[in-house]
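Notes follow once the structure below has been shown.
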Amino acid sequence: MKGATHGGDVYAAARESGRDVRYLLDFSASINPLGPSPAARRTIARANEWLCHYPDPACWDLRQALATFWHRSPEEFLIGNGSTELIHLLPEALQIRHLLVMGPTFSEYASAMVRVGGQTSSVMAARADGYRPPLEQVLVAPDVSIDAVLLCNPNSPTGQACDAAEVRALARQTARHGQWCIVDETFAEYCEQVSIVPEDLPARTIVLRSFTKFYGLPGLRVGYVVANPRIITRIKSQQPPWSVNMLAQRAAQAALQDSRHSRRSLRFMEQERARLVNGLERLPGCSLFPSAANFLLMELPARLKAARVVSLLRRQGLLIRDCSQVPGLNDRSIRLAVRSRADNDRLVRSLSEIVGRSGA
Ligand SMILES: Cc1ncc(COP(=O)(O)O)c(C=O)c1O
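Heads up, the numbering used here is the position in the sequence shown plus 1233, with the first residue counted as 1.
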């Protein structure tokens, strides 16, 4: 039975290896390798000012900043303790009992359904299509027994994205059938042209975004939903008070407004992802899949299992994501975050040795 795990548990890896977290290279969570914006770091240094009060339960300033950033109204935003909290609020808030996901994808959508005793069905992307999300299948043969469709765009752990026009077509179709359309745009900062947030959202459409990946703030836990204000009110009614702390609210706002760091981060990713692809493509017997995000899905040569490679790299302090348990992927699938130049070179060297020793 394939089970759900996540990358990024550096603390468990540190305990297990006796190494300090600082000496681990985490390729298993895909976080901006340039780190958070300098403005966000300066804001965090002022944390003392906010420790003696409850956080703003309305997340007022961050919602105003998001409204300005996206040219939308603040009432269309709800901030959460990471987008994970919001994913878990949706089934109850929107009375979702049967969710359709386009797999292979992030496991937390199905976990959220399990919590409410609901059901998750999947339409799987084909390996031959480079795991492009199978949007056409859902558009051509809508399943009216489901009450929500979820698309992760770009998708994790596979990396491909659908364009905005296709996503809007999906959202219009689901609305016609009285279904919800949930679009997880957690990695969309890396390919903003695929986002549906800049335009009017079709009815019953909910977009999830995060400050974890591109803005590099996984430890603070900030994500948000963009949707019609009536939907926002329904989701908010399920949220515990004060779930987003004040450091998170202030740092996220500073990060959002630091357009210089955002531009640098995008430029860096474009160049470094291409360089890493180039290095990995030289590994004999490995297959790489196209990615619009800050990670790459890779298949190891026939003789090498993902679990074995993950464990060999872990001994060297390199953490990568084992995707063999992700429904729809095979036991040679791994996901690699794009990190700094030096870190990526180190990973390619280590992988090259492992693949070479395996005789692939
Ligand atoms: C596709 C996707 N969505 C959502 C999340 C949750 O992110 P966070 O709760 O940190 O915002 C993740 C985290 O790995 C993810 O990969």
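All C-beta atoms in this analysis are idealised placements derived from N, C-alpha and C, irrespective of residue type, glycine included.
Rounded separation between residue i and residue j - CA only
| i | j | result |
| --- | --- | --- |
| L1284 | I1312 | 19 Å |
| M1234 | M1335 | The predicted model places M1234 with a pLDDT of 36, which falls under 50 and marks its position as unreliable, so this point remains unresolved. |
| I1587 | R1541 | 10 Å |
| L1584 | R1547 | 12 Å |
| Q1412 | M1346 | 16 Å |
| P1517 | W1475 | 51 Å |
| G1351 | L1323 | 12 Å |
| S1340 | T1238 | 8 Å |
| N1314 | R1590 | 44 Å |
| Q1549 | D1380 | 46 Å |
| P1375 | L1333 | 10 Å |
| C1424 | S1250 | 36 Å |
| R1401 | E1282 | 43 Å |
| Q1471 | L1537 | 45 Å |
| V1455 | R1442 | 9 Å |
| T1445 | G1452 | 8 Å |
| S1498 | S1378 | 42 Å |
| G1363 | F1522 | 6 Å |
| E1418 | A1535 | 33 Å |
| V1458 | S1428 | 13 Å |
| R1582 | R1305 | 46 Å |
| V1254 | R1496 | 29 Å |
| V1373 | G1592 | 44 Å |
| R1348 | A1247 | 30 Å |
| R1330 | Q1558 | 24 Å |
| G1236 | H1494 | Any reading at G1236 must be qualified, since the residue scores a pLDDT of 48, below 50, and its modelled position is unreliable; the value itself is stated next. Rounded to the nearest angstrom, the two C-alpha atoms are 37 Å apart. |
| P1473 | H1321 | 12 Å |
| Y1244 | M1357 | 33 Å |
| S1344 | R1365 | 23 Å |
| N1388 | T1338 | 7 Å |
| T1276 | N1478 | 13 Å |
| R1360 | N1563 | 10 Å |
Distance cut-off 7 Å: residue i Cβ against heavy atoms of ligand 2
| i | result |
| --- | --- |
| D1417 | For ligand 2, the structure offers nothing, since it holds only ligand 1. |
Nearest-angstrom Cβ-Cβ length linking residue i and residue j, presumed shorter than 8 Å
| i | j | result |
| --- | --- | --- |
| G1596 | P1269 | Any question about residue 1596 goes unanswered here, given that the chain covers just 1234 to 1593. |
| P1266 | R1572 | 5 Å |
| F1420 | A1575 | Not really, about 23 Å apart at Cβ, beyond 8 Å. |
| G1392 | S1524 | 3 Å |
| E1308 | P1462 | 4 Å |
| L1513 | L1533 | Contact flag wrong, Cβ pair sits at about 11 Å. |
| R1199 | T1466 | No answer is possible for residue 1199: the residues shown for the chain start at 1234 and end at 1593. |
| Q1490 | A1291 | Contact flag wrong, Cβ pair sits at about 19 Å. |
| A1487 | A1273 | 5 Å |
| C1414 | A1404 | 4 Å |
| L1258 | R1579 | 7 Å |
| C1556 | P1367 | Not quite, the Cβ-Cβ distance comes to about 18 Å (not below 8 Å), so this is no contact. |
Start-to-end residues for the alpha helix (DSSP H) that takes in residue i
| i | result |
| --- | --- |
| Q1370 | 1368 to 1373 |
| F1302 | 1293 to 1303 |
| W1283 | 1281 to 1284 |
| Y1287 | Unbroken run through Y1287: none, as it is neither H nor E. |
| K1469 | 1462 to 1469 |
| T1276 | 1271 to 1278 |
| T1407 | 1397 to 1409 |
| L1580 | 1574 to 1590 |
| A1436 | Here A1436 belongs to no alpha helix (DSSP H), and DSSP marks it neither H nor E. |
| R1365 | Run containing R1365: none; DSSP gives neither H nor E here. |
| S1250 | 1243 to 1250 |
Start-to-end residues for the beta strand (DSSP E) that takes in residue i
| i | result |
| --- | --- |
| H1494 | First-last for H1494: 1492 to 1514, but that is the alpha helix (DSSP H), not the beta strand (DSSP E). |
Beta-bridge pairing of residue i - partner residues as DSSP gives them
| i | result |
| --- | --- |
| C1385 | D1417 |
| S1568 | In the sequence as presented, Ser is not what sits at residue 1568; that position holds Arg. R1568 is bridged to L1530, R1554. |
| L1258 | L1551 |
| F1339 | DSSP, once it has assigned bridges, lists no residue as partnering F1339. |
| M1357 | G1336 |
| Y1457 | I1312, R1442 |
| Q1352 | H1331 |
| P1521 | Residue 1521 is actually Leu in this sequence, not Pro. In the DSSP output, where bridge partners are listed per residue, L1521 has M1531. |
Residue-chain proximity (residue i, chain D), Cβ-Cβ < 8 Å
| i | result |
| --- | --- |
| A1247 | Within the model displayed, chain D is absent; a lone protein chain is all it includes. |
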